[in-house]
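First residue of the sequence shown: 11, per my numbering; consecutive thereafter.
By construction, the Cβ of each residue, glycine as well, lies at the ideal position given by its N, Cα and C atoms.
Below: one structure, written as structure tokens.
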Amino acid sequence: MPARPSEILLSFGLASWHGRPEVFDSVHRHQEIEVLLLEQGTLDCLINARPLRLEAGRLAIFWGSVPHRLVAVSSDAVHHWLTVPLARFLQWRLPAALARPIIAGALLVDPEDRGARDLASFQDWHRDLAARDEDRSALVLLEVEA
Numbered sequence: 011m012p013a014r015p016s017e018i019l020l021s022f023g024l025a026s027w028h029g030r031p032e033v034f035d036s037v038h039r040h041q042e043i044e045v046l047l048l049e050q051g052t053l054d055c056l057i058n059a060r061p062l063r064l065e066a067g068r069l070a071i072f073w074g075s076v077p078h079r080l081v082a083v084s085s086d087a088v089h090h091w092l093t094v095p096l097a098r099f100l101q102w103r104l105p106a107a108l109a110r111p112i113i114a115g116a117l118l119v120d121p122e123d124r125g126a127r128d129l130a131s132f133q134d135w136h137r138d139l140a141a142r143d144e145d146r147s148a149l150v151l152l153e154v155e156a
């Protein structure tokens, strides 16, 4: 029987990051909802053991409790992510057609390329969260909810 790759359990809270993504040797999980935007390039990932390719300009969202990892990135890849605590996500009372698939482990990808608008939002969120100001963090959550 082949060895099962180890899983890493992480915790982020409300956080964001941007830069060149790195391939992971093992899957990881966390309790937050993860919102991703690939600014340029492509990412190949496994989410719930399903191979997926993410293209630049498409916003993607999933629940980080499903095992996931990056398996390949293009040499020009730059991505942004933001994690939202699950409790906050559930308080939003989003339409069931949006929330249920996420909680069930699906990766939802915006069918439209809104990359320029989403990139501007991520840049604002990175700045606001880096300030470590409670009011600015609250604004980030309101904007993500909208």
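Less than 7 Å between the beta carbons of residue i and residue j, yes or no?
i      : j      : result
LEU118 : ILE43  : no
HIS38  : HIS90  : no
SER21  : HIS136 : no
Return the chain-ordered list of same chain residues with a C-beta closer than 8 Å to the C-beta of residue i, the five sequence neighbours on each side being excluded.
i     : result
GLY23 : GLU42, THR93, PRO95
Suppose you measure from the CA of residue i to the CA of residue j; what does that come to, to the nearest Å?
i      : j      : result
VAL88  : TRP102 : 29 Å
GLN133 : LEU152 : 15 Å
GLU49  : SER84  : 12 Å
ARG146 : SER75  : 26 Å
Applying the criterion that 16 or more other CB atoms from any shown protein chain within 10 Å of the CB defines a buried residue, is residue i buried or exposed?
i      : result
LEU129 : buried
PRO31  : buried
LEU100 : exposed
LEU46  : buried
VAL150 : buried
Is any beta-carbon of chain C found at less than 7 Å from that of residue i?
i     : result
VAL37 : The structure shown contains no chain C; it holds only a single protein chain.
Can you give me the Cβ contacts of residue i inside the same chain, cut-off strictly under 6 Å, excluding the 5 residues immediately before and after it?
i    : result
PHE7 : What is shown of the chain runs 11 to 156, which leaves residue 7 out entirely.
Cβ pair count under 8 Å reaching 3, the stretch 50-67 against the stretch 120-128: yes
Segment contact, 8 Å Cβ cut-off, at least three pairs: the stretch 47-54 with the stretch 110-117: no
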